[in-house]
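Worksheet for the structure shown next.
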Amino acid sequence: MKMNKKHILCIFVVLILIITNSSYAFPKPMGRKAKMVSMSKFVDIPPEERMSNTTGTFADDNNFNAIGLLRFVKPDGSTDYCTATVIRTNNGNIAITAAHCIWDIIDENWNTDFYFFPGYNNGNPGSLGAVRAHTFSIWSDFTKDETLYDYGFIKFYYQDGRKLQDDTGAFDCDFNVPPGEYQTTVFGYPYNSGEMDCPRDGQHLCEWQGNSFEFPNNLPNYQWHRGISIDVGSGSSGGPWIRNYDPNTNGGNIAGISHGWLPAPYPKEGTTSWAWLNDDFLLLLQDAENYNPPMNNF
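Residues -25 to -1, 1 to 273 in mature numbering (1 follows the signal peptide of the UniProt record, and there is no 0) are what the sequence shown spells out, letter by letter.
What follows is the structure, given as structure tokens:
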């Protein structure tokens, strides 16, 4: 059939409509993950409060002093407590804890006046006493949704050329977490809450051992969280979840940290941890290590 100009014009218009109609368009490429933004803050430490290591304390193969009580002041002026753990880094002065221990999600502001007591137990602050925190790093995503990326890093001021991890021991972090259930040992300083079988007074380092598990795939973002069956209590937030824990040397690898409950439809029982990814974790850790604001001489 011979087509005239009118027929050709009609076909051309139809083709334009088909191509520009989204229902006929070629499939769009899957969206790339948005670039994550880290947030960091520092505090100036007066010279008289800058710790000088004169204790002569040296770590052996025991990492027990790597876990400690973290005390801080919230934006409303009240004092609160969490758990933090020294991790092995090039910097040597960094601990991991929960992001909600660093950033107050209700007041939308940083917590302040952090003191870390490595090896705190039975009401005793440990041989190093209180170590002042200098910088803090979290993912900004957490400030918008407290169920996301609930972990962060604290860098401590530790002078005289030594590293905190040399005197406390340190844990490595585990990025090869197996699927399903595996045995996990959890530590923390619960006070007036929780289900750990210990004096829950905030003065004792408590331990729980059992299986951590994945959540069913009918829950939102199920792959980003793991759970344990016990409520570890207030004060245990940020406490380490250790895989392959050896009670003889207090060794093992940190595979998570205590977050707390997740909102419905997650069950309101037990405790969860953010299942970090290798890249996200290492990027934030790199930012924390490289964040070195100068301190004033007053």
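Beta carbons: idealized from backbone N, C-alpha and C, even for Gly. Only a predicted model underlies this, so the values are computations on that prediction, with no experimental measurement involved.
Query: Start and end of the beta strand (DSSP E) containing residue 230?; Result: 226 to 232
Query: Which first and last residues belong to the beta strand (DSSP E) in which residue 77 is found?; Result: Counting along the chain, residue 77 falls outside any beta strand (DSSP E), though it belongs to the alpha helix (DSSP H) covering 74 to 77.
Query: Taking C-alpha atoms, which residue in 261, 152, 89, 51 lies nearest to residue 252?; Result: 152
Query: Give a yes or no on whether the C-beta atoms belonging to residue 93 and residue 136 are separated by under 8 Å.; Result: no
Query: Determine the contact status of residue 146 and residue 129, defining contact as a CB-CB distance below 8 Å.; Result: no
Query: To the nearest whole angstrom, what separates the beta carbons of residue 59 and residue 113, a pair I think is in contact under 8 Å?; Result: The pair is not a contact, with the Cβ atoms about 13 Å apart (cut-off 8 Å).
Query: Does the beta-carbon of residue 197, which I'm using as the reference point, lie nearer than 7 Å to any heavy atom of the ligand SAM?; Result: This structure simply doesn't include the ligand SAM, nor any ligand for that matter.
Query: So which of 174, 203, 87 has the shortest CA-CA distance to residue 247?; Result: 203
Query: Assign residue 133 to one of three DSSP states: helix, strand, or coil.; Result: coil
Query: Could you give the uninterrupted runs of the alpha helix (DSSP H) lying entirely in the region 136 to 216, keeping only those of 4 residues or more?; Result: 139 to 143
Query: Is it the case that the region 212 to 231 contacts the region 255 to 266, given that we only count it when at least three CB pairs across the two stretches are under 8 Å?; Result: no
Query: Please name the residue, chosen from 208, 12, 245, that lies closest to residue 275 on a Cα-to-Cα basis.; Result: Any answer about residue 275 is impossible in this case: the structure gives the chain only from -25 up to 273.
Query: Per DSSP, residue 259 is paired with what?; Result: Per DSSP, none; premise fails for residue 259.
Query: Within this structure, are the beta carbons of residue 122 and residue 237 separated by less than 8 Å?; Result: yes
Query: What number of angstroms, rounded off, separates the C-alpha of residue 250 from the C-alpha of residue 89?; Result: 26 Å
Query: How big is the Cα-Cα spacing for residue 46 and residue 109?; Result: 14 Å
Query: Contact check, residue 150 vs residue 182 under 8 Å by CB: the rounded distance?; Result: Between residue 182 and residue 150 the Cβ distance is about 24 Å, and since that is not below 8 Å, they are no contact.
Query: In the DSSP assignment, find the beta strand (DSSP E) that holds residue 116 and state where it starts and stops.; Result: Element bounds for residue 116: not the beta strand (DSSP E) but the alpha helix (DSSP H), 115 to 119.
Query: Put residue 1 into one of helix, strand or coil per three-state DSSP.; Result: Confidence at residue 1 is low in this model, with a pLDDT of 26, below 50, so the placement of that residue is unreliable and no value is reported for it.
Query: Alpha carbon to alpha carbon, how far is residue 118 from residue 86?; Result: 13 Å
Query: Identify the residues that DSSP records as bridge partners of residue 80: which are they?; Result: In DSSP, residue 80 forms no bridge with anything.
Query: To the nearest whole angstrom, what separates the beta carbons of residue 62 and residue 229, a pair I think is in contact under 8 Å?; Result: 7 Å
Query: Is the separation between the beta-carbon of residue 166 and that of residue 209 shorter than 8 Å?; Result: yes
Query: For residue 197, which residues of its own chain have a beta-carbon under 8 Å away from its beta-carbon, when the five flanking residues on both sides are left out?; Result: 189, 190, 191
Query: Report back the beta-carbon spacing between residue 67 and residue 140 to the nearest angstrom; my notes put them in contact at under 8 Å.; Result: 5 Å
Query: According to DSSP, is residue 219 helix, strand or coil?; Result: strand
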